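Okay, so here's the structure we're looking at.
Residue numbers (our numbering): 5 to 132.
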């Protein structure tokens with residue numbers, strides 16, 4: 005009987021640790037456009053890259069061509085992160101229900117924050 009109680013106690017402890025760990029690495033929904041930028045850059049998807057940005061950025065005539073912007077982002081990400089994988093990143097969000105900053109962490113080290121805004125039901129990156 006004592007062995008059963010110890011085993012149940014140990015099982016409960018392991019289960020609670022795994023739940024806490026899952027919560028620790030939960031990606032905030034506001035990070036979706038930052039993840040979209042990372043995916044688009046990795047996959048050379050100019051349309052996906054452009055769509056991750058806010059309407060204000062997408063319609064800015066000074067932005068130039070999105071193929072060029074994508075290539076520039078790919079060069080910068082390669083310098084910063086090398087041959088990255090999406091699971092190398094984690095994110096935090098600070099702000100409110102309409103805007104804020106998503107901070108990007110690469111392999112546990114803070115990389116940089118990006119401004120994000122909510123357009124309709126979707127979050128978008130709001131800076132270049």
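For every residue, glycine included, the Cβ atom is placed at its ideal position computed from N, Cα and C. Note that this is a predicted model, so its numbers are computed, not measured.
Q) Helix or strand or just coil, what does DSSP make of residue 33? A) helix
**Request:** Just the C-alpha distance for residue 30 and residue 95, rounded to the nearest angstrom, thanks.
**Result:** 9 Å
Query raised in the report: Is there contact here, the segment 53 to 67 with the segment 88 to 106, by at least three beta-carbon pairs under 8 Å?
Result: no
| said: Which same chain residues end up closer than 8 Å to residue 84 when comparing Cβ atoms and leaving out the 5 residues on each side of it in sequence? | reply: 110 and 115
Q.
Could you compute how far the alpha carbon of residue 117 sits from the alpha carbon of residue 61?
A. 17 Å
### Message
By the three-class DSSP mapping on this structure, what secondary structure does residue 68 have?
### Response
coil
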